[in-house]
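**Student:**
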Amino acid sequence: MYKMKSFIDSHLHFLGMGYVAYLIELKHYHSIDEIIQAVKSMNHQSMIIGRGWNQEHFKEKRMLNKQDLNQISSELPVVMIRTCGHVLAVNDKMLELAKIDEHFSYQGTGSIDYQTGIISEDAINLIYESYPSPSKADLKKYLIKANEICLKNGITKVASDDFQIFPIPFEEIINVINECYEEDLIQVQITEQANLRTYDMLKTFIDKGYVNKNYGSYKMGPLKLLSDGSLGGRTARLKHPYNDDSTNRGILTYSFDELFKMVHLADQHGMDSVIHAIGDEAIDVAIQAIIDSLKITQRTNHNHAIIHAQLATHEQIKLMKEWNIGAIIQPVFLNSDIEIVASRIGQRKYESYMFHTMHQVGLNVGFSTDTPIESVNPLENIYAAVSRKSQSRPELNAFVLKEAFTIDEAIQCYINNNLKYVYDNAHDDEILISSDIHVNHVSELLKIDILETKIKGKTVYKKT
Ligand SMILES: [Zn+2]
């Protein structure tokens, strides 16, 4: 048995991970009847959502439809997402909430079949937008689940983005999280990466006195902004077009002026910004907004950072160092990105994901998982950082191996460096693991078990 400090995740979606954990997994079912019986017997509160069905695997050899789902519930909305994510079956209650009746005519891409309750492509957004808001009991259930998953994975502190996952005012999220601590339902320490999409939302947050508010285990952290999309979706904003789409450079969520206005308003009030930026142009805009603000506010002791920074160039990394802008990165993204990077950016891939370079030049590099996008397991993340390989596609070569971390460096990024991103300066939480993390072969990392997790000396998880 080996003892070490527990892990800190510097960017994930705590509430989101709990929510996703409650989606009903349908991929293992081989008949529609089984699904109806199994889901009916589960406990449900305000809505029933399943995902992963595939009619090819059903003995009935047909799609799920509204008549099936009406048998599960006529009072609660039921949505069952096909494995591809582009087709849903919904029940009558869900159609009613989405205001879809037999006369409904849909003009966009995809289709709505009122008779079968089968909906495809863009039309599925009409359903997503009509989901009922989760109740307070639902939110607590998700938070408890996320807490359980973190502790099981040896994570005791997180910086988390929770304000935008549901259409709920941020103050309600703050209240319910605080209630969970008061009732000792959760123990993982959360620093909120306050996702406030608009200038007005940020202004309200500031005017109401929430900046850097500290409730104890729950703290208000930086402003979280999204400046571009993703590489997979070709929405990350690049300086030059995508290799596999020569007319496309991705999107910017905010113009430079819009982004600067928000960063600067926060900065003036002593609130940091952590900005999601993947493409090199998005990173340029984000860094410049921060720098221009710092030139005015003259703050020296700040925790501004870029989240992801996958396509940061050498020049940008140098600028980040100069202005003390950190990088919150996700080595584990290689799991899915390793397959698409070359087709998206061609030769530019050799100058991407330069995570070790960032560490070497002295940026405060923090490791995170962005879960539920990827697994929250720190050992899988460290595996990716050290091996630069994809766990799901082990036959593929390591991705630009010169950017690999040593295990000790990875631990430094996961624990010491992340303290800054959870606005903490001491860390005494511990875990017991099944073997030394300094493994001989990197693949052994994936076999290590977390046996026990302690917060401030108190055992909060024990493997049974
Ligand atoms: Zn995220």
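According to the numbering used here, the sequence shown is numbered sequentially starting from 72. Each residue gets a CB set at the ideal place from its N, CA and C atoms; glycine is no exception.
In this structure, does DSSP put GLY321 in helix, strand or coil?
**Tutor:** As a working note, residue 321 is residue 250 in the sequence shown. It is coil, neither helix nor strand.
**Student:** Ligand 1 and ASP441: does the residue's C-beta get closer than 6 Å to at least one heavy atom of that ligand?
**Tutor:** The residue you call residue 441 lines up with position 370 of the sequence shown. Answer for ASP441: yes, Cβ within range of ligand 1.
**Student:** Report yes if the C-beta of GLN116 is less than 6 Å from at least one heavy atom of ligand 2; otherwise report no.
**Tutor:** Because ligand 2 does not appear in the structure shown, any question about it cannot be addressed here, the ligands present being ligand 1.
**Student:** Helix, strand or coil for THR275, going by three-state DSSP, please let me know.
**Tutor:** Mapped onto the sequence shown, residue 275 falls at position 204. Here THR275 sits in helix by DSSP.
**Student:** Can you tell me the Cα-Cα spacing of SER423 and GLN138, whole angstroms?
**Tutor:** Position 352 of the sequence shown, counted from the start, is the residue given in the question as residue 423. Position 67 of the sequence shown, counted from the start, is the residue given in the question as residue 138. Near 50 Å, if we compare the C-alpha coordinates of GLN138 and SER423.
**Student:** Suppose only complete runs of 3+ residues qualify. What are the beta strand (DSSP E) ranges in the segment 278–346, listed by chain order?
**Tutor:** 289–297
**Student:** To the nearest angstrom, how far is it from the Cα of THR524 to the Cα of GLY321?
**Tutor:** Within the sequence shown, the letter at position 453 stands for residue 524. Within the sequence shown, the letter at position 250 stands for residue 321. Spanning the two alpha carbons is a distance of roughly 42 Å.
**Student:** Is GLU422 helix, strand or coil when you go by DSSP?
**Tutor:** Locating residue 422 in the sequence shown gives position 351, counting from the first residue. GLU422 falls in the helix class under three-state DSSP.
**Student:** Who are the Cβ neighbours of ASP255 in its own chain at under 6 Å, not counting the five residues just before and after it?
**Tutor:** In the sequence shown, the residue the question calls residue 255 occupies position 184. Cβ neighbours of ASP255 beyond the five flanking positions: none.
**Student:** If we call anything under 7 Å between Cβ atoms a contact, is LYS392 one with GLY437?
**Tutor:** Here residue 392 refers to the residue found at position 321 of the sequence shown. Here residue 437 refers to the residue found at position 366 of the sequence shown. In this structure, GLY437 does not lie closer than 7 Å to LYS392 by Cβ.
**Student:** If ILE245 and GLY87 are in contact, beta carbons under 8 Å, what's the gap, nearest whole angstrom?
**Tutor:** Taking the sequence shown and counting its residues from 1, one reaches residue 245 at position 174. Taking the sequence shown and counting its residues from 1, one reaches residue 87 at position 16. The Cβ separation is near 16 Å, so there is no contact.
**Student:** Report buried or exposed for VAL113, applying the criterion of at least 16 other Cβ atoms within 10 angstroms of its Cβ.
**Tutor:** For the purposes of this step, residue 113 is taken as residue 42 along the sequence shown, with counting starting at 1. The identity of residue 113 in the sequence shown is Met, whereas the question assumes Val. The residue is exposed, with fewer than 16 neighbouring Cβ atoms inside 10 Å.
**Student:** What are the boundary residues of the alpha helix (DSSP H) that VAL531 is part of?
**Tutor:** Translated into the one-based positions of the sequence shown, residue 531 becomes position 460. Premise fails: VAL531 lies in the beta strand (DSSP E), 529–533, not in any alpha helix (DSSP H).
**Student:** First and last residue of the alpha helix (DSSP H) that includes MET391?
**Tutor:** In the sequence shown, counting from the first residue as 1, residue 391 sits at position 320. It spans 385–393 - the alpha helix (DSSP H) in which MET391 sits, taken as one unbroken run.
**Student:** Give every residue of the same chain whose Cβ lies closer than 6 Å to the Cβ of ASP338, excluding the five residues on either side of it in the sequence, and list them in chain order.
**Tutor:** Counted from its first residue, the sequence shown places residue 338 at position 267. Excluding sequence neighbours, ASP338 sits near SER364 and THR368.
**Student:** Output yes if chain B places a C-beta closer than 7 Å to the C-beta of ILE244; else output no.
**Tutor:** No chain B appears in the structure shown, which is made up of a single protein chain.
**Student:** Just to confirm, is the Cβ distance from ASP233 to LYS295 under 7 Å?
**Tutor:** Looking up residue 233 in the sequence shown gives position 162. Looking up residue 295 in the sequence shown gives position 224. No, they are not a contact pair.
**Student:** Return helix, strand or coil for ASN218, following the three-state DSSP convention.
**Tutor:** Here residue 218 refers to the residue found at position 147 when the sequence shown is read from its first residue. Of the three classes helix, strand and coil, the one that applies to ASN218 here is helix, per DSSP.
**Student:** Which residues does DSSP list as the beta-bridge partners of SER414?
**Tutor:** Within the sequence shown, numbered from 1, the residue matching residue 414 stands at position 343. Answer is none; SER414 lacks a bridge partner.
**Student:** Mind checking which residues open and close the beta strand (DSSP E) that includes PHE438?
**Tutor:** Residue numbering aside, residue 438 sits at position 367 when the sequence shown is read from its first letter. For PHE438, the uninterrupted beta strand (DSSP E) segment begins and ends at 436–438.
**Student:** Specify the secondary structure class of ILE349 as computed by DSSP and reduced to three states.
**Tutor:** Position 278 of the sequence shown holds residue 349. The answer is coil: DSSP assigns ILE349 none of H, G, I, E or B.
**Student:** For ALA230, which residues does DSSP report across the bridge?
**Tutor:** Sequence index remark: in the sequence shown, residue 230 carries index 159 (1-based). THR262, per the DSSP bridge assignment.
**Student:** Report the three-state DSSP secondary structure of ARG477 (helix, strand or coil).
**Tutor:** As a first step, residue 477 must be located in the sequence shown, where it is residue number 406. According to the sequence as given, residue 477 is Thr; it is not Arg. In the structure shown, the three-state DSSP call for THR477 is coil.
**Student:** Return yes when the Cβ of ASN319 is within less than 7 Å of the Cβ of GLU417, no when it is not.
**Tutor:** Numbered from its first residue, the sequence shown carries residue 417 at position 346. Numbered from its first residue, the sequence shown carries residue 319 at position 248. According to the sequence as given, residue 417 is Gly; it is not Glu. No, the pair does not count as a contact, with Cβ atoms beyond the cut-off.
**Student:** Starting from PHE78, follow its DSSP beta bridges and name the residues at the other end.
**Tutor:** In the sequence shown, residue 78 corresponds to position 7, counting from 1. Residue pairing by DSSP places PHE78 opposite ILE226 in a beta bridge.
**Student:** Taking DSSP's pairing of strands, which residues face LEU503 in a bridge?
**Tutor:** On the sequence shown, position 432 is the one that residue 503 refers to. Looking at the DSSP assignment, LEU503 forms a beta bridge with LYS74 and GLU523.
**Student:** At a cut of 8 Å, does the segment 435–454 reach the segment 95–102 through at least three beta carbon pairs?
**Tutor:** Too few Cβ pairs lie closer than 8 Å, so no.
**Student:** Between ASN224 and ILE508, how many whole angstroms is the CB-CB distance? I'm expecting something under 8 Å.
**Tutor:** Position 153 of the sequence shown, counted from the start, is the residue given in the question as residue 224. Position 437 of the sequence shown, counted from the start, is the residue given in the question as residue 508. Not quite, the Cβ-Cβ distance comes to about 14 Å (not below 8 Å), so this is no contact.
**Student:** Short of 7 Å in beta carbon distance, which residues of its chain neighbour GLY123, apart from the five on each side in sequence? Order them along the chain.
**Tutor:** In the sequence shown, the residue the question calls residue 123 occupies position 52. The beta carbon of GLY123 sits closer than 7 Å to the beta carbons of GLU96, LEU97, LYS98 and THR154 from its chain, once the five residues preceding and following it are set aside; these are given in chain order.
**Student:** Relative to the C-alpha of HIS375, which candidate in ASN468, ASP193, ASN435 and LYS274 has its C-alpha closest?
**Tutor:** The residue you call residue 375 lines up with position 304 of the sequence shown. It is ASN435 whose Cα lies nearest to the Cα of HIS375.
**Student:** Pick from GLY179, VAL161, GLN462 and TYR177: whose alpha carbon is nearest that of ILE198?
**Tutor:** Mapped onto the sequence shown, residue 198 falls at position 127. For the set GLY179, VAL161, GLN462 and TYR177, the Cα lying nearest the Cα of ILE198 is the one of VAL161.
**Student:** When the Cα atoms are used, what is the spatial distance from ILE106 to TYR100?
**Tutor:** Counted from its first residue, the sequence shown places residue 106 at position 35. Counted from its first residue, the sequence shown places residue 100 at position 29. So the alpha carbons of these two residues sit roughly 7 Å apart.
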